[in-house]
Amino acid sequence: MESLLSIDAIRNVKRVHHLKIGDTLKDVCDLITKHSFQEVPIIDSRGHATATLDVFRLIRYLVRTADKENDMVPECCVRHRLNTIDREESIHNAAYFPVDRFVLDSEDKYIGLLTRADVIGGLIKELEVYNYIFDQIEPGIGILSKDEQLLYQNRKFEDTLQTDKKKTGTIPLKEISSVIPQSADVWGNVPVRYHYNKAGFKGILEYFPILIEKKYFGTLIILYGDQKTQQSDVVTSPHPAFREMKEWKEVREAFPNIVISDPKMEQVVRLALKAARITSNVLITGKTGVGKEIIAEIVHRMGSRADRPLIKVNCAAIPESLLESELFGYEKGAFTGAVEKGKIGLIEAADQGSLFLDEINSLPMNLQAKLLRFLQNQEFYKLGGTRPHKADVRIIVASNWEIKKLVDQGDFREDLYYRLCVIPIHIPELKKRPKDIIPLSMFFLQKYNELYNLDKQLNDAAYNQLLGYDWPGNVRELQHLIEQLVVLTDTDVIDSIHLLEDKKNDENAKQKIEINILRLIPLKEAHELLEQAIFKEAQKQFKSVRDISKKLEVHHSTVVRKINQLKKKQNNFQLMSKHM
1 MESLLSIDAI
11 RNVKRVHHLK
21 IGDTLKDVCD
31 LITKHSFQEV
41 PIIDSRGHAT
51 ATLDVFRLIR
61 YLVRTADKEN
71 DMVPECCVRH
81 RLNTIDREES
91 IHNAAYFPVD
101 RFVLDSEDKY
111 IGLLTRADVI
121 GGLIKELEVY
131 NYIFDQIEPG
141 IGILSKDEQL
151 LYQNRKFEDT
161 LQTDKKKTGT
171 IPLKEISSVI
181 PQSADVWGNV
191 PVRYHYNKAG
201 FKGILEYFPI
211 LIEKKYFGTL
221 IILYGDQKTQ
231 QSDVVTSPHP
241 AFREMKEWKE
251 VREAFPNIVI
261 SDPKMEQVVR
271 LALKAARITS
281 NVLITGKTGV
291 GKEIIAEIVH
301 RMGSRADRPL
311 IKVNCAAIPE
321 SLLESELFGY
331 EKGAFTGAVE
341 KGKIGLIEAA
351 DQGSLFLDEI
361 NSLPMNLQAK
371 LLRFLQNQEF
381 YKLGGTRPHK
391 ADVRIIVASN
401 WEIKKLVDQG
411 DFREDLYYRL
421 CVIPIHIPEL
431 KKRPKDIIPL
441 SMFFLQKYNE
451 LYNLDKQLND
461 AAYNQLLGYD
471 WPGNVRELQH
481 LIEQLVVLTD
491 TDVIDSIHLL
501 EDKKNDENAK
511 QKIEINILRL
521 IPLKEAHELL
531 EQAIFKEAQK
541 QFKSVRDISK
551 KLEVHHSTVV
561 RKINQLKKKQ
571 NNFQLMSKHM
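Quick note: the sequence shown uses UniProt numbering, first residue 1, plus one each step.
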């Protein structure tokens, strides 16, 4: 709110006492004795303040020297840095300055000195102006503190409730609750308006939370009389900031185990809350272990479908041969071994609710096409069926890969990507939100202490180690590490985390790959040979395509394509060898 008063408006007497260039020590002493200044401005012939005389420095100088009252002011007592303020500056802004200020006009000419007492007097005067204005308006206005004390009331509020304005600041809510309901009835973080007819008061009460830097300070109460009673019904009309506070409170209540301290993660939750208000598809991305599932739960449970099911599916955990029947279900006799009556799929089970597809990047191409058809008209066919089925399902998907890169590689349908990515939510890695590390560590420490009936503690050295680690496994790795420490550490105070050092050594060892170069060849050929060698070694170490894709961090369809190319080259080589 803009200040009503400027500095110029509060200065009834302009203080123009100052020194001129050329004044003697006698002139200085006379001025100080008369006006008790700590600093005295030195003004040039044009009226501009060029420096200030520091009185304390002058006193020290006079103590050390003989009486030389006719001497000029010594340079050692002069400061050339001035604390100034414009006469048109608001009194609110002036209140933030910690020291007295010299007031200048629009031409930078010296007018006088603004003291802290002047500022306080100006603020009091401005408050009196506001009080007068609020006393003239029709609605009754009151302010309750967060501990439910009446801090302020205007004349209409006082007349309506018959309270004593002189006791404002000491009146508890219970003394006026005949008209103002107790906090359990209406208090909250969202503005409320409703009709009231009690204790001789008939009209409308409005409540507005007072937020200062998003923290609850108190409640503004507005009382309207009969003339407004017919104008509106009982409504709630939340301001976006109040609605966000209410939603955050609900998140804390619905997810008591959620730990969010870093601003980056707070922004993620805010975006999830926005997504919860609508029913568009959501794509959640982030590395393994960052908390994608909890964000999916927030999107579902804070939305209009909260009382309906949230079905969770990990696309990478179900064999490709079974995934279609699990998602879409199957009809009677669809295949050998099928349940006689058929089976509903997870999409049908999520009707009116939400379906969370984790690791959507592992969804095979044929099922991507079928999912796309469902997203287009909310209609699907069961395996072995010829009759379409309808389902109203909100789709929330998650991936530990950048889906756009998979699209560019040809491993994910572009049309499906755009259907899913209506609301993208990216969760940063734990190392990129360091303010979450300590709170999460403390939360997991308490959790496992209670679980195992122990009382282990981490000291500052251990916490510093946690902050210095990269956390490739993110929150899940941190959770497992804290559990290990609680279970395996012999002492009650954990001052060194050797497990982290072991992890760092393992990571360093993994990064050391020895390559022997016998001769130089074209880079493209070298790349192909290295790729072939990697896939050959991967086939020796792992039995399944999915295991290889996880280890090499590529899509499983890429693994299949590369292995087929490798087999084709080997067959061609064998065929050429036979004809040689």
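Idealized CB from N, CA, C, for every residue including glycine. Just so we're clear, the structure is a prediction, and the values are computed from it rather than from any experiment.
For this session: Using three-state DSSP, classify residue 584 as helix, strand or coil.
Result: The chain is shown from 1 up to 580; residue 584 falls before or after that span and cannot be answered.
For this session: Could you check what DSSP says for Arg373 in three-state terms: helix, strand or coil?
Result: Looking at Arg373 - three-state DSSP - the assignment turns out to be helix.
Exercise. Looking at C-beta atoms only, is the number of pairs between the stretch 210-225 and the stretch 140-149 that lie closer than 8 Å three or more?
Worked result: Contact between the stretch 210-225 and the stretch 140-149 is present: 3 or more CB-CB pairs across the two stretches fall below 8 Å.
Exercise. Are three or more beta carbon pairs between the stretch 476-492 and the stretch 431-449 nearer than 8 Å?
Worked result: When C-beta atoms of the stretch 476-492 are compared with those of the stretch 431-449, three or more pairs fall below 8 Å, so the two segments count as touching.
Exercise. So Gln378 packs on Ala369, CB below 8 Å; how close in whole Å?
Worked result: Between Ala369 and Gln378 the Cβ distance is about 16 Å, and since that is not below 8 Å, they are no contact.
Exercise. Under the rule that 16 or more other beta-carbon atoms within 10 Å means buried, what is Glu348, buried or exposed?
Worked result: With 16 or more Cβ atoms within 10 Å of its Cβ, Glu348 is classed as buried.
For this session: Would you mind working out which of Arg46, Cys76, Met72 sits nearest Arg60, comparing C-alpha positions?
Result: For Arg60, the nearest C-alpha among the options comes from Cys76.
Exercise. Does the distance from the CB of Ile423 to the CB of Ala275 come in under 8 Å?
Worked result: Taking 8 Å as the cut-off, the Cβ atoms of Ile423 and Ala275 count as close.
Exercise. From which residue to which residue does the alpha helix (DSSP H) around His300 run?
Worked result: Where His300 is concerned, the enclosing alpha helix (DSSP H) stretches over 292-301.
Exercise. So, are the CB atoms of Val259 and Asp460 less than 8 Å apart?
Worked result: No, the pair does not count as a contact, with Cβ atoms beyond the cut-off.
For this session: Could you say which of Leu58, Leu406, Thr279 lies nearest to Gly353 if we only look at CA atoms?
Result: Per the Cα distances, Thr279.
Exercise. How many angstroms separate the CA atom of Asp490 from the CA atom of Glu250?
Worked result: Those two C-alpha atoms are separated by around 40 Å.
Exercise. Counting Cβ pairs closer than 8 Å, one from the stretch 260-275 and one from the stretch 289-305, do we hit at least three?
Worked result: Because the criterion of three Cβ pairs below 8 Å is met, the stretch 260-275 and the stretch 289-305 touch.
Exercise. So Tyr417 is in the alpha helix (DSSP H); what residue range does that whole segment cover?
Worked result: Under the DSSP assignment, Tyr417 falls in the alpha helix (DSSP H) whose first and last residues are 414-420.
Problem set entry | Residue range of the unbroken alpha helix (DSSP H) whose run includes Leu451 | In the DSSP assignment, Leu451 falls within the unbroken alpha helix (DSSP H) covering 437-451.
Exercise. Residues in its own chain within less than 7 Å of Lys341 by CB, not counting five upstream and five downstream?
Worked result: These residues qualify, in order along the chain: Lys332.
Problem set entry | Check whether Pro439 and Ser261 have beta carbons under 8 Å apart | Yes, the pair counts as a contact, with Cβ atoms nearer than the cut-off.
Exercise. For the beta strand (DSSP E) that contains Val397, what are its first and last residues?
Worked result: For Val397, the enclosing beta strand (DSSP E) stretches over residues 394-399.
Problem set entry | Three-state class that DSSP yields for Phe535 in the structure shown | Phe535 falls in the helix class under three-state DSSP.
For this session: Taking Gln465 as part of the alpha helix (DSSP H), name the residues at either end of that continuous run.
Result: Segment 460-467, the alpha helix (DSSP H) holding Gln465.
For this session: Give the DSSP bridge partners of Lys26, in chain order.
Result: Beta-bridge pairing links Lys26 to no other residue.
For this session: Leaving aside the five residues before and after Ile210 along the sequence, list all residues of the same chain whose C-beta is less than 6 Å from its C-beta, in chain order.
Result: Once the five neighbours on either side are set aside, the close Cβ partners of Ile210 are Phe217, Gly218, Leu220.
Problem set entry | Pair within 8 Å by beta-carbon distance, Glu402 and Lys287 | At a Cβ-Cβ threshold of 8 Å, Glu402 and Lys287 do not count as neighbours.
For this session: Give me whichever residues DSSP pairs with Asn314 in a beta bridge.
Result: Per the DSSP secondary-structure output, Asn314 pairs in a beta bridge with Asp358.
Exercise. Would Leu161 be called buried (16 or more neighbouring beta carbons within 10 Å of its own) or exposed?
Worked result: Leu161 counts as buried, since at least 16 other C-beta atoms from the protein chains shown sit within 10 angstroms of its C-beta.
Exercise. Which same chain residues, not among the five before or five after Leu323, have their C-beta less than 8 Å away from its C-beta?
Worked result: Taken in chain order, the residues that qualify are Cys315, Leu363, Pro364, Leu367.
For this session: Sort out for me which residues DSSP pairs Ala49 with in a bridge.
Result: Answer by DSSP bridge pairing, in chain order: Ile43.
Exercise. Taking the Cβ atom as the reference point for each residue, do Phe535 and Leu566 lie within a distance shorter than 8 Å?
Worked result: Yes, these two residues count as a Cβ contact at 8 Å.
Exercise. Near Arg419, what residues of its chain come up, given a Cβ to Cβ distance below 7 Å and the 5 sequence neighbours on each side ignored?
Worked result: Answer for Arg419: Asn281, Leu372, Leu375, listed in chain order.
Problem set entry | Proximity of Gly345 and Lys312 at Cβ, strictly below 8 Å | Not a contact, by the Cβ cut-off of 8 Å.
Exercise. Excluding the five sequence neighbours on either side, which residues of its own chain have a C-beta within less than 7 Å of the C-beta of Ala462, listed in chain order?
Worked result: Spatial neighbours of Ala462 in its own chain (CB-CB distance under 7 Å, excluding positions within 5 residues in sequence) are listed in chain order as Ile494, Asp495, Ser496, Ile497.
Problem set entry | Residues that Leu211 bridges to, as DSSP identifies them | Within the DSSP secondary-structure output, Leu211 pairs in a beta bridge with Tyr216.
For this session: Taking all protein chains shown into account, decide if Ser45 is buried (16 or more other Cβ within 10 angstroms of its Cβ) or exposed.
Result: That one is exposed.
Exercise. Looking only at its own chain, which residues have a Cβ that is under 8 Å from the Cβ of Arg252, when we skip the five neighbours before and after it?
Worked result: Correct list, in chain order: Ile258.
Exercise. CA-CA distance, Asp27 and Met72?
Worked result: C-alpha separation (whole angstroms): 10 Å.
For this session: Taking His480 as part of the alpha helix (DSSP H), name the residues at either end of that continuous run.
Result: 474-488 is the extent of the alpha helix (DSSP H) around His480.
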